[in-house]
Amino acid sequence: MATKRALPAVTLVLGGTRSGKSLYAERCIKNISQQPVYIATAEPGDPEMIKRIKRHRERRGSSWQTVEESIDLVGVLKMHRKSAILVDCLTLWLTNLILADYDVEESLSKLALELRQAEGSVFLVSNEVGSGIMPENALARKFCDVAGQMNQIIASEAASVVLVTAGIPQLLKVPQEV
Amino acid sequence: MATKRALPAVTLVLGGTRSGKSLYAERCIKNISQQPVYIATAEPGDPEMIKRIKRHRERRGSSWQTVEESIDLVGVLKMHRKSAILVDCLTLWLTNLILADYDVEESLSKLALELRQAEGSVFLVSNEVGSGIMPENALARKFCDVAGQMNQIIASEAASVVLVTAGIPQLLKVPQEV
Amino acid sequence: MATKRALPAVTLVLGGTRSGKSLYAERCIKNISQQPVYIATAEPGDPEMIKRIKRHRERRGSSWQTVEESIDLVGVLKMHRKSAILVDCLTLWLTNLILADYDVEESLSKLALELRQAEGSVFLVSNEVGSGIMPENALARKFCDVAGQMNQIIASEAASVVLVTAGIPQLLKVPQEV
Chain X
1 MATKRALPAV TLVLGGTRSG KSLYAERCIK NISQQPVYIA TAEPGDPEMI KRIKRHRERR
61 GSSWQTVEES IDLVGVLKMH RKSAILVDCL TLWLTNLILA DYDVEESLSK LALELRQAEG
121 SVFLVSNEVG SGIMPENALA RKFCDVAGQM NQIIASEAAS VVLVTAGIPQ LLKVPQEV
Chain E
1001 MATKRALPAV TLVLGGTRSG KSLYAERCIK NISQQPVYIA TAEPGDPEMI KRIKRHRERR
1061 GSSWQTVEES IDLVGVLKMH RKSAILVDCL TLWLTNLILA DYDVEESLSK LALELRQAEG
1121 SVFLVSNEVG SGIMPENALA RKFCDVAGQM NQIIASEAAS VVLVTAGIPQ LLKVPQEV
Chain V
2001 MATKRALPAV TLVLGGTRSG KSLYAERCIK NISQQPVYIA TAEPGDPEMI KRIKRHRERR
2061 GSSWQTVEES IDLVGVLKMH RKSAILVDCL TLWLTNLILA DYDVEESLSK LALELRQAEG
2121 SVFLVSNEVG SGIMPENALA RKFCDVAGQM NQIIASEAAS VVLVTAGIPQ LLKVPQEV
C-alpha cells in the first residue's frame, strides 16, 4: 500500500452514461489548477465518438492541455507527474486494451503503481456498467466483469471516490488522515 | 435560475426498474395532499403496460385525480399549477416524445420553465437507465444518452432529488435555505 | 412484521456485477463467526460459472462450511438457524426458481418468513439489475421486474441494507432500536 497522503490526491469519479461525471471532474480540477492536463482515451473512430469528443473539448475551453492517448495511459501519467490531471475515461481505455489484446491485469497493476507516484491531483473518470441486466453477449459480459474489477482496484488506490447520479456527486470514500 | 423556495417544492425521484420509486413518491405526496393529481405518461399500448397501469391505479385508490397524457406534460402541469402532482414517469414521456419525433431539447426546456411556475408540490418519477452495459442497439444508446441528460436537467431544477434502491430512499440533493 | 431485534440480524448486501459485494459480505461474517456457513445457490452448469465458484471457494478458505443448494434455500436456512450464514446469491436462486417453473411469489413469502426465524446473523447477497437500459428480450425484462420485487421484499425484512459500489459499502438502511 502507498503511504497515505492528504495531498496530492487520487480521485475516482464513477457514474453511469450521461450522469454528469466528466463535467463534475472538470469542475473539481479547475478549482485546483489553472492549467490542467486532460488525457482523452477515446479512439475517435466513429462519428458518435467524434461528436462527443468535440463537445467535451469545447466545454473545457483553451486553458487545458489535451493529450490523446488510447493505450499508454501509464506513460502519459508518468510524463505529467506534477500536473493536475483528468483522465477521461478509464472505461474507454480498458476497451482499447481489450480490443488490442493487451494483458489487462498487468496494465491495471502498472496503473495502480503509477498512481502512487502522482505528485499532483489526478481525477480518473470511469463508468458504472454492472447495474443493469447481465448482457447475453459473452464479450459484453466479460467486459462488464473486467470493468467492475478495474473500478474496485482503482477505488482501493484512490483517496476519494465519488459517485455521480443525475449530475449530483455522492462521496463514497473520503481521504483518511495521514 | 428560479428563485429558491422551501415550498412549493419540486422533487425528482430516481430509481431503477422496480426499485420502488413510484410507491415512494405516492407515499410522499399523500402525506402532503388529500387530493393529489396523478399524471400518467404511459401509452397503454401493450398488455404488459396495461397490467402495470392497472396495478398502480388500484394501489393509489380513489382519492387521486388521474390524468393520462403521454405528450403534453407541460400543458397538464400548467392546468394544475396549484395542485400536489405526481408525474409517473418522465422516462416514458421522453420515449413518447422521441417516438413521435418531437424536439426533445425544446420539450425539456419548456418542462424546466414550467416547473419554476409550480405553486404546489410536484414529484417527478424517472428511471436510472445508464448504469448497465452500453446497449449494442444504436437507438437504445441514443435513448440512454438523452434520458441521462433529462435527469441532469430536472435534477438541477429540483429542490430535492431522491434515489430509491430496493424501496429505500437516499437523499441526493436537499432543499437549500431561501 | 417480525419483532425488531438488534441481534440476530438479517443484512441484505446489494451491488452490481463485480462490485465487490460477495467479498464485503464474507469479510463481515468472518468478523462475527469462526465457522460460518456459505450457501452457494449457483448451478455449476457452464464453465464461466464453475470458474467463478472455484475462485470464490479458494478466497473463502477452509474454515467455512459450504452448502450447495440451487432451489431449496429456505430448507437449508431452516437447518442452520443458529449459524452465521452467507447466501450467495439471491439473484441466481431466483433465476433457478424461474427456470424450474416454481411459484416465485410463494417462494419469496416463504423466504421472508424463514428470515424472521433466524437465530444467527444472515447475510444475503443480491444483484442490482434494474439500472441499465430496459432489455429488448421479454424474458430478461420479466426477470428484471421480479428481481427488483425480490430486492424490495428482502430489503424490507432486513435490519440492514448495504449497497456496494467498486468495493465500497454504503449503508442504505440501519437497524432500528428495539
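Residue numbers (our numbering), protein chains in the order written: chain X, 1 to 178; chain E, 1001 to 1178; chain V, 2001 to 2178.
Even glycine gets a Cβ: it sits at the ideal position worked out from N, Cα and C.
Quick caveat, the model's predicted, so the values are computed rather than measured.
The region 2086–2094 of chain V makes contact with the region 2017–2034 of chain V, as at least three CB pairs between them are under 8 Å.
Taking CB atoms only, Ile2168/V has a neighbour in chain X less than 9 Å away. Taking a contact as a CB-CB distance under 8 Å, the pair Ile39/X and Val67/X counts as one, their CB atoms being some 5 Å apart.
Between Leu73/X and Leu115/X, the alpha-carbon positions lie close to 11 Å from each other. Here Thr1011/E has Ala1025, Cys1028, Ser1121, Val1122, Phe1123, Leu1124, Ala1158, Ala1159, Ser1160, Val1161, Val1162 as same chain residues with Cβ atoms under 8 Å from its own Cβ, once five neighbours each way along the sequence are excluded.
Neighbours of Asp1145/E in chain X, taken as residues whose beta carbon is under 7 Å from its own, are Thr17, Arg18 in chain order. For Ala140/X, the residues of chain E that pass the 8 Å Cβ criterion are Ile1133, Glu1136, in the order they occur in the chain.
Beta-bridge partners of Lys2173/V (DSSP): Val2161/V. Judged by DSSP secondary structure, Asn2096/V falls within the alpha helix (DSSP H) whose first and last residues are 2090–2099.
Of the residues assessed, Leu2014/V falls on the buried side of the cut-off, its CB having 16 or more other CB atoms within 10 angstroms.
With respect to the C-alpha of Lys1078/E, the residue from Phe1143/E, Ser1131/E, Glu1119/E, Ile1168/E having the closest C-alpha is Glu1119/E.
Excluding residues up to 5 positions away in sequence, Glu2119, Gly2120 lie with their Cβ nearer than 8 Å to the Cβ of Lys2082/V in the same chain.
Straight through space, the alpha carbons of Asn1096/E and Pro175/X are spaced by roughly 44 Å. When the beta-carbon positions are compared, Ile2098/V and Val2146/V come within less than 9 Å of each other. Contact check between the region 1055–1064 of chain E and the region 1103–1117 of chain E: fewer than three CB pairs, one atom from each, fall below 8 Å, which does not count as touching. Contact between the region 162–173 of chain X and the region 131–150 of chain X is not established, with fewer than three Cβ pairs separated by less than 8 Å. By the C-beta density criterion, Ser2109/V is exposed, having fewer than 16 other C-beta atoms within 10 angstroms. The bridge partners DSSP lists for Ala1040/E are Glu1068/E, Asp1088/E. Looking at the DSSP output, Gly1015/E shares a beta bridge with Asn1127/E, Val1164/E.
Its Cα nearest to that of Met1049/E, the residue Lys2142/V stands out among Leu2172/V, Lys2142/V, Gln2170/V.
Under DSSP, Val122/X takes part in a beta bridge, and its partners are Val10/X, Ile85/X. By the 16-neighbour rule on beta-carbons within 10 angstroms, Leu111/X is buried. Assigned with DSSP and collapsed to three states, Asp1103/E falls in coil, not helix or strand. The Cβ of Val129/X sits closer than 9 Å to at least one Cβ of chain E.
Taking 9 Å as the CB threshold, Thr2041/V stays off the interface with chain X. A Cβ-Cβ distance of about 12 Å is found for the pair Ser1131/E and Asn1151/E, leaving them out of contact under the 8 Å criterion. Put simply, the backbone Cα of Glu69/X is about 48 Å away from that of Arg1052/E.
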